[in-house]
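Terminal number for the sequence shown in full-length UniProt numbering: 445, no gaps in between. These notes concern the structure reproduced below.
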Amino acid sequence: MPASLVVWILSALLLVGVLTQRWWEPRLEARGVRPRQWPWHWWLVGYPGTALRIVATWRRLAHLNGLSVSLGPDRRVLGRDLVVQGQALKPKPPRLSWPMPTATGLTVRVLLHPGQTPAPFYAAARAMEHTWRVHSVRVTSPRRGEVLMQVTARDPLKDDVRSVRGRAHGLLSAEVGRIEDGGPWLIDLRRVPHWLVTGATQSGKSSLLAALVAGLAPQRVALVGIDCKGGMELGLFGGRFSALAIDRTEAIGLLSRVVDEITYRMRVCRSWGVRSVWELPDEHRPVPVVVIVDELAELYLNDGSRSSKDEAEQCGTLLLRIAQLGAALGVHLVTAGQRVGSDVGPRVTALRAQLGGRVAHRVHDEASAEMTLGDINPDAVVTAQAIDEDEQGVAVVAMGGRWMRARSHLTDTAFAAEVGRTDPPSDPFLSMPDPVTFEKGGAAA
Numbered sequence: 001m002p003a004s005l006v007v008w009i010l011s012a013l014l015l016v017g018v019l020t021q022r023w024w025e026p027r028l029e030a031r032g033v034r035p036r037q038w039p040w041h042w043w044l045v046g047y048p049g050t051a052l053r054i055v056a057t058w059r060r061l062a063h064l065n066g067l068s069v070s071l072g073p074d075r076r077v078l079g080r081d082l083v084v085q086g087q088a089l090k091p092k093p094p095r096l097s098w099p100m101p102t103a104t105g106l107t108v109r110v111l112l113h114p115g116q117t118p119a120p121f122y123a124a125a126r127a128m129e130h131t132w133r134v135h136s137v138r139v140t141s142p143r144r145g146e147v148l149m150q151v152t153a154r155d156p157l158k159d160d161v162r163s164v165r166g167r168a169h170g171l172l173s174a175e176v177g178r179i180e181d182g183g184p185w186l187i188d189l190r191r192v193p194h195w196l197v198t199g200a201t202q203s204g205k206s207s208l209l210a211a212l213v214a215g216l217a218p219q220r221v222a223l224v225g226i227d228c229k230g231g232m233e234l235g236l237f238g239g240r241f242s243a244l245a246i247d248r249t250e251a252i253g254l255l256s257r258v259v260d261e262i263t264y265r266m267r268v269c270r271s272w273g274v275r276s277v278w279e280l281p282d283e284h285r286p287v288p289v290v291v292i293v294d295e296l297a298e299l300y301l302n303d304g305s306r307s308s309k310d311e312a313e314q315c316g317t318l319l320l321r322i323a324q325l326g327a328a329l330g331v332h333l334v335t336a337g338q339r340v341g342s343d344v345g346p347r348v349t350a351l352r353a354q355l356g357g358r359v360a361h362r363v364h365d366e367a368s369a370e371m372t373l374g375d376i377n378p379d380a381v382v383t384a385q386a387i388d389e390d391e392q393g394v395a396v397v398a399m400g401g402r403w404m405r406a407r408s409h410l411t412d413t414a415f416a417a418e419v420g421r422t423d424p425p426s427d428p429f430l431s432m433p434d435p436v437t438f439e440k441g442g443a444a445a
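What follows is the structure, given as structure tokens:
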């Protein structure tokens, strides 16, 4: 009896808290207390209230957005030769499962009526967000006859998260931030070998590259950098880079060495009778190389002179060869820039087609987002345009036909210096048995 009484009292208190949330929550926030940041807030208050709201409003929401289906006939015969067509009354909404909680929201499954498709549910996602008073609703169809709605109650990307030494996620896989469902944002170069990062000035491109370097630094991976900002960004990581070019002249020499390494690895694979370096025995497998390029457009700029045009043409050719040939040979390319259109320089469009991973930060115009995400999903372009100046580091990530919002870790100067004290792997280039360093012009020492 006492146990039952305690359960009833707790249930009553929880119900009162949910019903009076609009009254007590703003008063606590006015006093500097933010209940939404309490870890138990969502489970005790947010989830029950949102779940009840979804169930209570589902019938009307489905009716207003064309999600309900009438089971009766839409035609009626009057007399002997008159057929009247109309809309049957009392449409029935599709069956809704009970909302199941997650760390940042909840999931709801809907069983479609015969003849229904997921298309109307995609279109009604915005209406669901406003009706249920949540941050976002993502609608997918994991199997035939079923729609899955992933509800995010509060934006998990709102606050900055600083980089820390995280757990290992496997070779060539780095945790660079978190995605919109609160999970880790992983860039796995084994699955998606090449990446394109775009965004306006101070949108978070360099922060993402810094987080990627920090994630790859503990691994046996050779990092090769091209930082056309004079080394101000990638240079913070100091000796962790096996090679770093800070202008286009040095970049040409560095990229030429990488292409030579790709050619040498081809010969090694051919001699072993394998199709990629990952099929080689462990003791003979070369060190993976990740080429990171910051400010891609700087490699294509020219002043109209013959020599400047030749340098831009050479950079475009070398980058394209690395993107086309490098994946199977353990050479990966990550490029960042503000625009990647044909107006930037020769072969940029061909290079973009080779970069399967796409990250779009805040942009100033629709065309910039279209260049990065237009061939993935039109909705991703709209979402990228909605990123504002206060959301530095927030981006739309697309790979394998899917897309999501994410935010990269913030890597401060002190942490970058700590990463820079990590030693790079020795002799990462098979084509040159001695350790390789690059001086002005990219010549190997």
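Positions of the beta carbon are idealized from the N, C-alpha and C atoms, including for glycine.
Unbroken alpha helix (DSSP H) run spanning residue i, endpoints
i: V397; result: Segment V394 to M399 is the beta strand (DSSP E) holding V397; no alpha helix (DSSP H) there.
i: L61; result: Y47 to L64
i: T413; result: T413 to G420
i: A384; result: P378 to Q385
CA-to-CA distance, residue j to residue i, given in whole angstroms
i: R135; j: K158; result: With the sequence shown as reference, residue 135 is identified as His, and Arg is not the correct amino acid for it. H135 and K158: Cα-Cα distance of roughly 11 Å.
i: D375; j: R362; result: 18 Å
i: G273; j: D282; result: 15 Å
i: R126; j: V137; result: 7 Å
i: E366; j: A245; result: 32 Å
i: L52; j: A62; result: 16 Å
i: L186; j: L318; result: 28 Å
i: P425; j: A153; result: 44 Å
i: E250; j: I387; result: 35 Å
i: G253; j: I226; result: 11 Å
i: V69; j: T335; result: 49 Å
i: R267; j: D247; result: 31 Å
i: G401; j: R358; result: 10 Å
i: L189; j: G330; result: 9 Å
i: P48; j: A123; result: 26 Å
i: V419; j: S308; result: 35 Å
When the options are compared against residue i, the one with the closest alpha-carbon
i: E279; options: T249, P218, R265 and D365; result: R265
i: T422; options: W98, P286 and F237; result: F237
i: D427; options: P288, L61 and G66; result: P288
i: V213; options: Q338, V83, G235 and I322; result: G235
i: L255; options: A353, R144 and I292; result: I292
i: D260; options: L67, G316 and R321; result: R321
i: A174; options: G199, G215, G183 and E418; result: G215
i: Q219; options: G230, I9, H169 and R178; result: H169
i: G105; options: A416, M149 and L333; result: M149
i: L196; options: D310, V348 and T413; result: V348
i: H284; options: S206, G49 and L430; result: L430
i: K90; options: Q324, H113 and R59; result: R59
i: P118; options: A406, A243, E146 and H130; result: E146
i: T372; options: I262, E391, C315 and V340; result: V340
i: A297; options: G204, P193 and P346; result: P346
i: R143; options: E311, T263 and V110; result: V110
Boundaries (first-last residue) of the beta strand (DSSP E) holding residue i
i: D294; result: V289 to D294
i: E370; result: From DSSP, E370 is part of no beta strand (DSSP E) but of the alpha helix (DSSP H) over E366 to L373.
i: P184; result: P184 to D188
i: G337; result: V331 to G337
i: L209; result: First-last for L209: K205 to L216, but that is the alpha helix (DSSP H), not the beta strand (DSSP E).
i: A312; result: From DSSP, A312 is part of no beta strand (DSSP E) but of the alpha helix (DSSP H) over R306 to L325.
i: A174; result: S173 to I179
i: R352; result: First-last for R352: V348 to Q354, but that is the alpha helix (DSSP H), not the beta strand (DSSP E).
i: A360; result: G357 to A360
i: V197; result: H194 to T198
i: W403; result: R402 to S408
Those residues which DSSP pairs with residue i across a bridge
i: A245; result: I226
i: K92; result: V69
i: S342; result: DSSP lists no partner for S342.
>> List, from N- to C-terminal side, the beta strand (DSSP E) runs of 3 residues or more that fit wholly inside the stretch 84-155.
In response: 105-111, 136-140 and 146-152
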